[in-house]
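Here the first sequence stands for residues 705 to 1287, where the numbers follow the working numbering. Input: a single structure, listed below in structure tokens.
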Amino acid sequence: MKLSEYFLPTLRETPAEADTISQKLMLRAGMMRKLASGVYEWLPFGLRVLKKVEQIVREEMDKIGGLEVSLPLLLPRELWDETGRWALYGKELMRLQDRKEGEFALGPTHEEVITDLVRNEVRSYRELPKMFYQFGTKFRDEIRPRFGVMRAREFYMKDAYSFHATEEDAERYYKIVFNAYAKICDRCGFKYRPVEAETGAIGGSFSHEFMVLAETGEEEIVSCASCGYAANVERAEIAKSQKVRENAKLEPLKEIYTPNLRTVEEVGNFLKAPVDKFIKSLIYLADNKPVMVLIRGDYEINETKLKKYLNCNELVLADSQTIEKVSGAPVGFAGPSFAKATEGTSLPTQLPITNYQLPILADYSVENIVNGISGANKKDYHLMNINLGRDYQPESIIDLRKVKSGDFCPKCSKVLAFSRGIEVGHTFKLGTKYSQAMKATFLDAQGKEQYFIMGCYGIGVSRIVAAAIEQSNDENGIIWPVNIAPYQLVVILVNSKEEKVRQISEKIYSELQKAGYEVLLDDRDERPGVKFKDTDLIGIPVRVVVSEKNLLQGKVEVKKRNESEFTLIPIDSLVSEIKNFLT
RNA sequence: CGGAGCGUGGCGCAGUUGGUUUAGCGCGCAUGGUUUGGGACCAUGAGGUCGUGGGUUCAAGUCCCACCGCUCCGACCA
705 MKLSEYFLPT LRETPAEADT ISQKLMLRAG MMRKLASGVY EWLPFGLRVL
755 KKVEQIVREE MDKIGGLEVS LPLLLPRELW DETGRWALYG KELMRLQDRK
805 EGEFALGPTH EEVITDLVRN EVRSYRELPK MFYQFGTKFR DEIRPRFGVM
855 RAREFYMKDA YSFHATEEDA ERYYKIVFNA YAKICDRCGF KYRPVEAETG
905 AIGGSFSHEF MVLAETGEEE IVSCASCGYA ANVERAEIAK SQKVRENAKL
955 EPLKEIYTPN LRTVEEVGNF LKAPVDKFIK SLIYLADNKP VMVLIRGDYE
1005 INETKLKKYL NCNELVLADS QTIEKVSGAP VGFAGPSFAK ATEGTSLPTQ
1055 LPITNYQLPI LADYSVENIV NGISGANKKD YHLMNINLGR DYQPESIIDL
1105 RKVKSGDFCP KCSKVLAFSR GIEVGHTFKL GTKYSQAMKA TFLDAQGKEQ
1155 YFIMGCYGIG VSRIVAAAIE QSNDENGIIW PVNIAPYQLV VILVNSKEEK
1205 VRQISEKIYS ELQKAGYEVL LDDRDERPGV KFKDTDLIGI PVRVVVSEKN
1255 LLQGKVEVKK RNESEFTLIP IDSLVSEIKN FLT
């Protein structure tokens, strides 16, 4: 492609809207433009990268037996009612009506559609397994689109769905997809890590996310260098600590006056007590029903774990009125014990120790707190020497904690390391969640009706493009990994008016093309500085500079984008030597 | 949805105590010329419903009201 005939609107200045590196560089390099919040146009140069990534993904899907299809974007409500997701998916689902007021959604994912197709067309175990995949635009009305195409409302994705006759086969195939995803990340030149993840709105029994490692990533992950355990922090389990409270001497419960002291920190300073003596009592509304959750003062609740345990759709911290209503005290004084003690006295005057109107859940971390401190459910009072079993009793004691630096690996007890990543792929083992809801069955070898066992597997193709930039750039611009570079080579004419320079460059350009390379020819009537700056900005892996000076020796200059040194190569051997620069 | 901010040629911005009545600057763009190894220079020029609607006023980019859009922080979310 000759740049003089191309459309590459590069920008010298960064548009004010951009915050992340990839977004800035995609705008500056003329890859995309924004049409609305979270909605982008892909320009020729950007689309070329997108298509490169798409092709890598397609090849790897085809290798593992995937069958490419193309499913509609406009999805009728009825299908989504079958699985209940019309109601459950929430505001993220873009909804619209047709002229007859029929309701539709713009597809955010296609489990319903593909399951409908398969239940209508696949009857026998003999036809299984089958894996269908597609590339297409997905719509999700993100609450806050950001980071350019990384969290957009409309984005380009590969989604795949597999159907199996048995659990074993589904798991066997899950591993195959997992390996294919790793291969895709390898080919895209990523430093990445697959991690255990939560299944979220898609559902299913287990899942993995493929994280491209980047400081700027949205996701936080933990990993264990010793045994290889890796998980999204949302998911990461906590190793249960040893019980130490046996034989501990229980001091009498005391009520103490703590005027206007609400937080663990304030009360801790006041009482000169360490934070790990505190039982933090949080009141949540789970689908509008209040629940109290206990955790040690220096830890935080992992709301994903809590939500999963409660099996609720919506989980929010309760508002102050609710807190006052259920605890009997303003915010800051709630606690798990509804036993009564009077100030200065040593014994509870009255049990019961639980309040049955308010279910109480506790994290493992409170189990070992002996003679702890909590709110007294009374304005300006806290309780000292509160003890599990004697003064309060949660319904269950489970893992509700968010991992924290210094925590140990749940598998091998070594210290966990924290890092950040960009989620470019997600694999789910779905089981029969969708096939049961949609009555999708086949006949097994015994002639018996069975539900399909399913898996689903997504890759954010547009997100991969941004992730690649996020992971590989410098102050001058993008540095494309060779496999997804829109062009591998650029030939620059130092002075495009020099007849000899022009002739030789055109010749080199066409020879390189004939040799199978994707080449840009910068034949614009611009000064060399402009061309060098643009070449660096758009990140072409190797540049060939043709100048009058070097032509005198019959040579051209070849330089890799990520190196500062160039090499002079005789024109005659350029085509044969160029491959050494592309590794 | 809560908090904050912004909206002025393609991009980045100034102008906002109302009043040089033709709204500026830099970049980019067009034409001509000089240049040609890291974002050149000179000259000439094109390009603006000052986000939208309403109001106040002799007079509104500037003040008031409403709305829309965009961005950031948070909550939330594959």
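The C-beta atom is built at its ideal place from N, Cα and C for all residues, glycine as well.
Spatially closest choice to residue i from the options, by CA coordinates
| i | options | result |
| --- | --- | --- |
| GLN1025 | GLU717, LEU1019, ARG1206, GLY1036 | GLY1036 |
| LEU1021 | GLU721, ASN1177, VAL997 | VAL997 |
| TRP790 | LEU1272, PHE808, ARG803 | PHE808 |
| TYR961 | ASN1081, ASP873, ARG1206 | ASN1081 |
| GLU772 | ALA864, GLU938, PHE910 | ALA864 |
| PHE894 | TRP1184, TYR878, GLU745, ILE1212 | TRP1184 |
| ALA935 | LEU1225, SER911, PRO956 | SER911 |
| GLY1258 | ILE1208, LEU715, CYS931 | ILE1208 |
| GLU721 | PRO1245, LYS976, PHE851 | PHE851 |
| LYS1011 | GLY1093, LEU986, ASN1075, LEU1104 | LEU1104 |
| HIS1288 | MET861, SER1251, ILE1027 | The structure shown does not extend to residue 1288, since the chain is modelled only from 705 to 1287, so the question has no answer here. |
| GLN801 | PRO780, GLY788, ASN1254 | PRO780 |
| MET1088 | ILE880, LEU954, VAL1169 | LEU954 |
Residues near residue i in its chain [Cβ-Cβ closer than 7 Å; skip 5 each side]
| i | result |
| --- | --- |
| ILE1073 | LYS981, ILE983, ARG1000 |
| GLU919 | ARG1124 |
| VAL1119 | GLY1110, PHE1112 |
| ILE847 | none |
| GLU924 | VAL937, PHE1122, ARG1124 |
| PRO849 | SER741, GLY742, ARG855, ALA856, ARG857 |
Boundaries (first-last residue) of the alpha helix (DSSP H) holding residue i
| i | result |
| --- | --- |
| ALA1171 | 1165-1175 |
| LEU975 | 968-975 |
| TRP790 | 789-792 |
| SER1280 | 1278-1281 |
| GLU875 | 871-891 |
| GLU807 | First-last for GLU807: 807-810, but that is the beta strand (DSSP E), not the alpha helix (DSSP H). |
| MET1095 | In the sequence as presented, Met is not what sits at residue 1095; that position holds Asp. Taken as a continuous stretch (DSSP letters only), ASP1095 belongs to no alpha helix (DSSP H), as it is neither H nor E. |
| ILE818 | 815-825 |
Spatial neighbours of residue i in its chain, beta-carbon cut-off 6 Å, leaving aside the 5 residues before and after
| i | result |
| --- | --- |
| GLY750 | MET735, MET736 |
| ARG966 | GLY1036 |
| ALA940 | VAL926, VAL1107 |
| SER774 | GLN838 |
| GLU1018 | ASP991 |
| GLU1222 | TYR1191, GLN1192 |
Close Cβ partners of residue i (< 8 Å) along its chain, the five nearest in sequence each way excluded
| i | result |
| --- | --- |
| THR1145 | ARG823, SER1139, GLU1153, GLN1154, TYR1155, PHE1156 |
| LEU777 | LEU810, GLY811, GLY840, THR841, PHE843 |
| THR718 | LYS728, LEU731, ARG732 |
| THR1008 | GLU902, GLU938, ARG939 |
| PHE882 | PRO898, HIS912, THR1131 |
| GLU1004 | ARG1105, LYS1106, LYS1108 |
Integer Cβ distance of residue i from residue j, believed to fall under 8 Å
| i | j | result |
| --- | --- | --- |
| TYR1085 | GLU959 | 5 Å |
| ALA733 | ILE1182 | 6 Å |
| THR819 | PHE1132 | That pair is no contact at about 14 Å. |
| VAL1260 | VAL1248 | 5 Å |
| ALA1219 | VAL1279 | 5 Å |
| LEU1065 | VAL995 | 6 Å |
| GLY769 | MET854 | Rounded, the Cβ-Cβ distance is 30 Å, inconsistent with contact. |
| LYS1115 | CYS892 | With a Cβ gap of about 29 Å, LYS1115 and CYS892 do not count as contacting. |
Reduced DSSP category for residue i - H, G, I as helix; E, B as strand; rest coil
| i | result |
| --- | --- |
| CYS1160 | strand |
| ILE1244 | coil |
| MET735 | coil |
| VAL1199 | It is worth fixing the name first, because residue 1199 is Asn in this sequence and not Val. Coil. |
| SER1123 | strand |
| GLU782 | helix |
| ARG762 | helix |
| GLY770 | strand |
| PHE1270 | strand |
| VAL1074 | coil |
| LEU729 | helix |
| ARG1265 | coil |
| SER1251 | coil |
| PHE1037 | coil |
| ASP1067 | strand |
| LEU707 | helix |
| GLY742 | coil |
Host beta strand (DSSP E) of residue i (start-end)
| i | result |
| --- | --- |
| GLN1154 | 1153-1155 |
| ARG1000 | 993-1000 |
| SER866 | 858-868 |
| THR841 | 834-843 |
| ALA720 | Where ALA720 is concerned, there is no enclosing beta strand (DSSP E), given that its DSSP letter is neither H nor E. |
| ALA901 | 896-901 |
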